[in-house]
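2 protein chains.
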Amino acid sequence: MTGNIPRSVVDRRALISMLALLPVLSAPLAAISASAQTPTSSDALPSWNEGPAKQAILDFVRDTTDQANPKFVPSEQRIATFDQDGTLWVEHPVYGQMMYCLDRVPVLAKQKPALKKLEPFKTVLSGDREAIAKLPLRDLEKIILVTLTGMTTDEFEAEGKKWLAAARDPRWKRPYTELTYQPMLEVLTYLRANGFKTYIVTGFGQDFVRLYSQQVYGIPPEQVVGSALAVKYDYAKNGKPILIKEPKLMLNDNDAGKPEGIHLMIGRRPNASFGNSTGDQQMLEYTGAGEGARLSMLVLHDDATREYAYGPAQGLPDTKVGTFTPALYAEAKTKNWNVISMKNDWKTIFSFE
Amino acid sequence: MTGNIPRSVVDRRALISMLALLPVLSAPLAAISASAQTPTSSDALPSWNEGPAKQAILDFVRDTTDQANPKFVPSEQRIATFDQDGTLWVEHPVYGQMMYCLDRVPVLAKQKPALKKLEPFKTVLSGDREAIAKLPLRDLEKIILVTLTGMTTDEFEAEGKKWLAAARDPRWKRPYTELTYQPMLEVLTYLRANGFKTYIVTGFGQDFVRLYSQQVYGIPPEQVVGSALAVKYDYAKNGKPILIKEPKLMLNDNDAGKPEGIHLMIGRRPNASFGNSTGDQQMLEYTGAGEGARLSMLVLHDDATREYAYGPAQGLPDTKVGTFTPALYAEAKTKNWNVISMKNDWKTIFSFE
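So the sequences go chain by chain: E and P.
Here the first sequence is numbered in the working numbering, starting from 121 and rising by one per residue.
Here the second sequence is numbered in the working numbering, starting from 121 and rising by one per residue.
Right, dumping it as C-alpha cells:
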C-alpha cells in the first residue's frame, strides 16, 4: 500500500482486508487547509496569471462588496456555487468517488457472493481496466446504488474516510484530496473573505463530498449540495436511532438538477457559479439570469502537460457525458461567461508543484 | 382590511382582489429583527423566569463553548434545530401557512372554475369555518398541493410576501409574523452569539418559511429545512430560466422525515433541538442520541390565558395529529428532555405584550 491503486482483484481484496484492521483515521485529509487570513485584492489570487479570467473575479468582488457601487450585494445575500469534479479537483481518468465505488465491489462480493456472477459486478471483479472503463452510465449507476447503500450513515462515514486516507491517484500517486486546483482554492478563500457563502454543487454524492469538504475546501457539510440517496430513520437493536442509506435517488444533481437542487437546499439564486461541463450548464444559466452583478465561469481543460486536455481544447466533437462540448463553448461565448484556460490563466495547478 | 381574517368567500375574494393591486411589499415583515448584539449569559434570556428550563439552556451553552470543558464543541460544529409551528410561533387554531393555502383557494377557483364543484375546494369556498376545521388531513394535503404549485418560484415569492404583509391572526389582529415567542427569539440570538448555526426544521413548506425567516428569526433561507415540493427547471417564453413548483412531494419533513431531512440538507447531527409535538419526536431522539452535550427541549402549551392550553396540560388523551401526546410526555421524562412550561417558564410570551 504505497501509492498505487491496486490493479487486480487480489490486490483490491488485500487492500480492503488491511484497511478493515486499521482504526478510523481522524487525521486531516488534505495538506491544504482553509486559510483564515483575509487576502487583499492585490495578492488574493497569487496562482493566477494576469488576464481576463482573473480580472473578472476581481471586478465581480469589487462591484458586489462596495456599498457605493450600484451592483452592491448585502453580505448576507452573497452566494457562490462550485461544481467539484473538473472544477475544483481532477476528474480524469475516473471520478474520485467512482473509484471508491469500484473499490467497494470486492468487499460487497464477499458479503453477497451472488454478485460475483452478476454484471456489471463481474466485470469490475475481473480487474480488466479497459472493460471497466467501457461500462455504460447505466451500469455505473447500478454500481453506485449497490455500493453506497444498505448501511448506516455512520458506517458510510467510517468506510469513506478510511478509503480517502489510503487511496492514491494513479498518475500523481497522491491522495485524491490533494488533487485540488490551487487557483480555485484561492478563489474560494477570496470569496469567503469578502462575505460570500461558498457552496459545492456536485453531480456526485453529497454524503461522500461532505466527508472531506471542510478539511479540503473549507466548506462545511451543510454547504455541500449533491446527488442524494434517501435515508431511512430507524432504531438499532440497542434502541439507538440510526439513519440507513437506501437505494432510492432523491436528487440527481446534474444538468437541470443543479438549479433544482440549489432551490431545494439553498433556496436562492447564486451570484456566482463555476463549472466545467454540460452538467453545469443550467446552473450557470440560472446564476447568470439574476439581477445585478453576475459571475459565470467555466474551467477549460487545455493543459495536457500539467493536467489533461479534453473538450474543445482537443478539437472535438467530444460526446462524453458531462464534458465541455462545442455547444457549451458557444453558449459561453454568447452569454459572456468567462472561460478559464488552465494552461494560460493558472500559474500553478496543484499546491504540491 | 383592518385586522380580521375575512369570514366569507366574498370577503376573501375582496381581500385577494385588493391584494392583487398592491405593489410587492418589501418592508420588514416583523417588528422584531435579529439582534446583532452579543448577550452575556446573565441577561441573555430576559423573558425567561429562573427555573430548570432556563438553567438547562445556560448550562448547555456553558458546557459546549468552554474549551476547558470535556463537553466542548468546536464552533464550526455547533448546530441547533427548531421546529416552527408551536415552538417558535403560534400554531392555533390553524397553522399560519394553512391559512395562506385556504386564502388562495378563491383565487385559484377564479382561474379554474372546475374547482368550485370539487371537494374539498367546495367546502373551503363555502366559508363555513366549522366544516373547514373538520377537513381531514388528506383533504388539507390536496389543498396544499393545488395552492402551492403550478407557478414559478418568483411568482410564489411575490404572492406569499403579499399575503404575509396583509393577513392578520383572528385573535391578536396582528400579522402572523408578529406571533413569535419572545423567549424563543432570545434563545435563537443567544445560541448564535455563542457560535451555533440555528436552523428551522418545519413540517410545513420550506419555501414559505424562507420568505420571512431572515427578518423574523434572523435565520437565512438556506438554514430553513422543511417539507419540499419538487421544482422543475424550464425556460420562459423570453428564454429566461425559471423554476416551476410541481405537485410532487420530495420531502415530508414530519416525524421520521425530520432527521431524514436534517441529514439531506445539513448532513450532520444537531447538538440541540427544540420542538413541541409528536412531529418533532424523532428529531429530538436523533439529536439526543449523539455524543457529548445534548439539549432536547419541548414547549408545553399550558397557558390558556396568554396563549393556548392543549396537549398534556389539558388532561388528555389528545389524539390530534402532531400534538404533545401523553406518550411523548412520557418519553421526555424517560430521556431527560427538558419540558418548557409556557405558563411558568416564560415571563412574557410576545414582544408586543
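The beta carbon of each residue, even a glycine, is placed where N, CA and C say it ideally should be.
Given the structure is predicted, the values throughout are model-derived calculations rather than measurements.
- Per DSSP, residue 377 of chain P is one residue of the alpha helix (DSSP H) stretching across 377-385.
- Among the residues of chain E, those whose CB is under 7 angstroms from the CB of residue 383 of chain P are 273, 351 and 363, following chain order.
- In the structure shown, residue 218 of chain E adopts helical secondary structure according to DSSP, grouped into three states.
- Around the beta carbon of residue 187 of chain P, fewer than 16 other beta carbons sit within 10 angstroms, so the residue counts as exposed.
- Listed in chain order, the non-local C-beta contacts of residue 373 of chain E below 6 angstroms within the same chain comprise 323, 346, 347 and 381, local neighbours out to five positions each way being set aside.
- Under the Cβ criterion of 8 angstroms, residue 402 of chain P is counted among the residues facing chain E.
- For the set E/414, E/213, E/274 and E/292, the Cα lying nearest the Cα of residue 250 of chain E is the one of E/213.
- Counting along the chain, residue 374 of chain P sits inside no alpha helix (DSSP H), nor does DSSP assign it H or E at all.
- Contact of residue 380 of chain E with chain P is assigned, a C-beta pair being separated by under 8 angstroms.
- Under the three-state reduction of DSSP output, residue 412 of chain P falls in the coil class, being neither helix nor strand.
- The alpha helix (DSSP H) runs lying completely inside the segment 219-297 of chain P and spanning 4 residues or more are 241-246, 249-253, 257-267 and 273-286, given in chain order.
- When C-beta distances to chain P are compared with 8 angstroms, the residues of the segment 399-428 of chain E below that value are 402, 405, 406 and 409, in chain order.
- If you check the CB distance, residue 402 of chain P and residue 378 of chain P come in under 8 angstroms.
- Counting only the Cα atoms, residue 172 of chain P lies some 21 angstroms from residue 470 of chain P.
- The DSSP-derived three-state label of residue 323 of chain P is strand.
- A Cβ-Cβ separation of about 10 angstroms leaves residue 193 of chain P out of contact with residue 314 of chain P under the 8 angstroms criterion.
- The Cβ atoms of residue 395 of chain P and residue 163 of chain P lie no closer than 8 angstroms to each other.
- Using beta-carbon distances, residue 270 of chain P does not count as an interface residue toward chain E, since no partner is under 8 angstroms.
- Annotation: Cβ neighbours of residue 376 of chain P in chain E (cutoff 7 angstroms, chain order): 353.
- The Cβ atoms of residue 184 of chain E and residue 358 of chain E lie no closer than 8 angstroms to each other.
- In this structure the segment 419-433 of chain P does not touch the segment 223-237 of chain P; the number of beta carbon pairs closer than 8 angstroms is below three.
- In this structure, residue 216 of chain P keeps its C-beta atom at 8 angstroms or more from the C-beta atom of residue 268 of chain P.
- Considering only beta carbons, the part of the segment 193-208 of chain P lying closer than 9 angstroms to chain E consists of 196, 197 and 199, in chain order.
- In the DSSP assignment, residue 310 of chain E falls within the alpha helix (DSSP H) that extends over 302-313.
- A straight line joining the alpha-carbon of residue 425 of chain P with that of residue 205 of chain P spans about 19 angstroms.
- For residue 404 of chain P, the closest of P/321, P/234, P/461 and P/312 by C-alpha to C-alpha distance is P/321.
- Within the segment 298-320 of chain P, contact with chain E at the beta-carbon level (separation under 7 angstroms) is assigned to no residue.
- The residue among E/412, E/387, E/400 and E/464 with its C-alpha nearest the C-alpha of residue 277 of chain P is E/387.
- The Cβ of residue 360 of chain P sits closer than 8 angstroms to at least one Cβ of chain E.
- Judged by DSSP in its simplified three-state form, residue 338 of chain E adopts coil rather than helix or strand.
- Within 10 angstroms of the beta-carbon of residue 246 of chain E lie fewer than 16 other beta-carbons, which makes it exposed.
- Rounded to whole angstroms, the gap between the alpha carbons of residue 462 of chain P and residue 174 of chain P is 12 angstroms.
- It is roughly 16 angstroms from the alpha-carbon of residue 232 of chain E to the alpha-carbon of residue 221 of chain E.
- The Cβ atoms of residue 304 of chain P and residue 207 of chain P lie closer than 8 angstroms to each other.
- Assignment of alpha helix (DSSP H) within the segment 155-196 of chain P, counting only whole runs of 4 or more residues, yields 172-185 in chain order.
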